[in-house]
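Asks: If you're matching positions, the sequence shown starts at 350 in the numbering used here and goes up one per residue. Here it is, the structure in full.
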Amino acid sequence: MTAASTGTLYIGLMSGTSLDGIDAALVEFTDNIPRCIASHYQAYDADLKQRIHALQRAPEKTSNSDVLHQLWQLDIELAEHYATAVHALLQQTKFTAKNICAIGNHGQTLRHYPPNTQRSGPYYSIQIGDPNLLAERTGITVVSDFRRRDIAAGGQGAPLAPAFHQAVFTHPEKNRVILNIGGIANITHLAAKANKTVIGFDTGPGNTLLDTACQKYWQTAYDKNGEHAQQGKIIPALLNKLLNDNYFQQAAPKSTGFEYFDWRWIVQHYPALNNHAPHDIIATLTELSARTIADSILKLDTTTDELLLCGGGTHNAYLRARLQHYLPNVAFHTTAINNIDPDFVEAAAFAWLAYRTINNFSGNLPAVTGATGERILGGIYWGSSSIK
């Protein structure tokens, strides 16, 4: 890759609930059309991952003053990590900070409590990774804190990627579903020729419970290709209890997070969990992810011709096979069919959202998030390269 571009360049950064690391995407915009031209992945080390995980699960009511210190310490550390990822991407592509219009940084989610959760307000979504420091370290303008404006306007603050999906993946003849299998799974339904309102929402757990099971039983980060799940047998009583959860019955708009779908959630529904073999448990949790995703697609008041997968769960061959079992009439592809690496779709989406914000365009879809109207999302932190 050489430093040659005919459009405007933006960088998108995404670090999801799996806590594996940072996805960075370099996106070129020509006549408002985005094209992902390079990407970089930077892993979190075990210590950083553990400290983020601990802070995510810190009690909401605590007298431990150290929690606040840990919060701001991680806010700064993560900004340094994001800056390192940006510099690596620039070095890889031979561009400089002055070539980049802005960075769209999602940040690392610590809490996501939107409306329609089983709790009273206030509703909020918190992502950390100090944008001031990121702008200072890179010299590039940073757009961040995308979700809270949508929540302030009465929305869920998520999912935000469907607007990007609409811009990039709409097909002239086929109805498509874009399925992102991250910690939480979400779908976007795109009617052919964009002649219907976009439908998008979180379906429920994607990888989050599978990753937790692997860490708990085998001290591994994730279930590679579903190898553990394939060795087990589904526990019907457990699966049925989990499928009856209220979240799966809710109508969209809706979003959720690891705060809701955690190990305690499983045990609350099924106290006898420890009576079963680990392989049977992860087989059942994999089936839960597949069933709830497939059910969400089948319940749509429209047809689906193609399914485009993205996110870490794309690499789980067993989960993908279970999805194909439930959706036999749908053609399966990854987003690579549209020249976007499935591992970097969300990073590219936040480059696109930064582009929208810098150019005073809205970034949310009220029909998806439930907001009272379209809003320009995020705050802008100007980089030194922007000074005239």
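Every residue, glycine too, gets a C-beta built ideally from N, C-alpha and C.
If you follow the beta strand (DSSP E) that Ala387 is in, where does it begin and where does it stop?
Replies: That run of the beta strand (DSSP E) goes 382 to 392.
Asks: Please classify Gly470 as buried or exposed, where buried requires at least 16 other C-beta atoms within 10 Å of its C-beta.
Replies: exposed
Asks: Does the beta-carbon distance from Ile707 to Cys385 come in below 8 angstroms?
Replies: no
Asks: How do the segment 563 to 577 and the segment 625 to 640 stand: do at least 3 beta-carbon pairs fall below 8 angstroms, yes or no?
Replies: yes
Asks: Keeping to the same chain, check which residues put their C-beta closer than 6 angstroms to that of Ala716; ignore five residues upstream and five downstream.
Replies: Thr546
Asks: Between Asp560 and Ala570, what straight-line distance do the alpha-carbon atoms span, to the nearest angstrom?
Replies: If you take the alpha carbons of Asp560 and Ala570, they lie about 6 angstroms apart.
Asks: Would you tell me roughly how many angstroms separate the C-alpha atoms of Leu588 and Thr684, rounded to the nearest one?
Replies: 30 angstroms
Asks: Would DSSP call Ser301 helix, strand or coil?
Replies: A question about residue 301 goes unanswered here, because the residues of the chain that appear run from 350 up to 737.
Asks: Assuming Ile452 is part of the beta strand (DSSP E), what are its boundary residues?
Replies: 449 to 462
Asks: For the alpha helix (DSSP H) containing Val547, list its first residue and its last residue.
Replies: No alpha helix (DSSP H) contains Val547, which DSSP labels as neither H nor E.
Asks: Is DSSP giving His514 helix, strand or coil here?
Replies: DSSP places His514 in helix when its eight states are reduced to three.
Asks: DSSP has Gln476 in a bridge; who is on the other side?
Replies: Note: Gln476 sits in a beta bridge opposite Thr458.
Asks: Between Ile530 and Gln422, what straight-line distance do the alpha-carbon atoms span, to the nearest angstrom?
Replies: Straight across, the Cα-Cα distance linking Ile530 with Gln422 is about 30 angstroms.
Asks: Who does Ile533 pair with in a DSSP beta bridge?
Replies: Note: Ile533 is bridge-paired with Pro554 in the DSSP secondary-structure output.
Asks: Might you give, ordered along the chain, the residues of its own chain that have their beta carbon closer than 6 angstroms to the beta carbon of Asn448, omitting 5 neighbours on each side?
Replies: Leu358
Asks: Using the beta-carbon count (16 or more within 10 Å), is Ile425 buried or exposed?
Replies: exposed
Asks: Take Lys398 as the anchor and find which of Glu377, Ile382, Leu417, Ser364 has the nearest alpha-carbon.
Replies: Ser364
Asks: Among all the DSSP beta bridges, which residues are the ones paired with Tyr730?
Replies: Per DSSP, Val491.
Asks: Nearest to Leu558 by alpha carbon, out of Lys603, Asn524, Pro677, Val616?
Replies: Val616
Asks: Is the segment 493 to 503 touching the segment 718 to 727 in the sense that three or more CB pairs, one from each, lie closer than 8 angstroms?
Replies: yes
Asks: Between the segment 652 to 667 and the segment 483 to 497, are three or more C-beta pairs nearer than 8 angstroms?
Replies: no
Asks: Return the CA-CA distance between Thr519 and Phe681, expressed in angstroms with no decimal places.
Replies: 15 angstroms
Asks: Roughly how many whole angstroms lie between the Cα atoms of Ser354 and Glu377?
Replies: Its pLDDT being 49, under 50, Ser354 is placed unreliably by the model, and the measurement read from it follows with that caveat. In a straight line, the C-alpha of Ser354 is about 8 angstroms away from that of Glu377.
Asks: How would you write the range of the beta strand (DSSP E) that Phe681 sits in, first residue to last?
Replies: 680 to 683
Asks: For Val526 and Lys737, what's the separation of their Cα atoms in angstroms?
Replies: In this structure, the alpha-carbon of Val526 lies about 44 angstroms from that of Lys737.
Asks: Let me make sure I understand the geometry here. Which of Tyr619, His430, His389, Ala534 has the alpha-carbon closest to that of Gln457?
Replies: His430
Asks: In the DSSP assignment, the beta strand (DSSP E) including Phe378 goes from what residue to what residue?
Replies: Phe378 -> beta strand (DSSP E) spans 370 to 379.
Asks: On the premise that Ser493 lies in contact with Gly732, defined as a C-beta separation below 8 angstroms, what is that separation, rounded to the nearest angstrom?
Replies: With 8 angstroms as the limit, Gly732 and Ser493 do not qualify as a contact, their Cβ atoms being about 13 angstroms apart.
Asks: Mind checking whether Thr641 and Ile533 have CB atoms under 8 angstroms apart?
Replies: For Thr641 and Ile533, no; Cβs fall outside 8 angstroms.
Asks: Could you work out which residue in Ala600, Gly370, Arg460 is closest to Asp611 when comparing CA atoms only?
Replies: Arg460
Asks: From Asn524 to Ala540, what distance separates their C-alpha atoms?
Replies: Asn524 and Ala540 have their C-alpha atoms some 5 angstroms from each other.
Asks: Taking the straight line between their C-alpha atoms, what separation do you get for Ala437 and His389?
Replies: 7 angstroms
Asks: With which residues is Tyr619 paired in a DSSP beta bridge?
Replies: Its beta-bridge partners do not exist; DSSP assigns none.
Asks: What first and last residue would you give for the beta strand (DSSP E) that runs through Thr357?
Replies: 357 to 364
Asks: If the criterion is Cβ atoms closer than 8 angstroms, does the pair Leu375 and Thr442 meet it?
Replies: yes
Asks: Might you give, ordered along the chain, the residues of its own chain that have their beta carbon closer than 6 angstroms to the beta carbon of Tyr667, omitting 5 neighbours on each side?
Replies: Gly575, Ala578, Gln579
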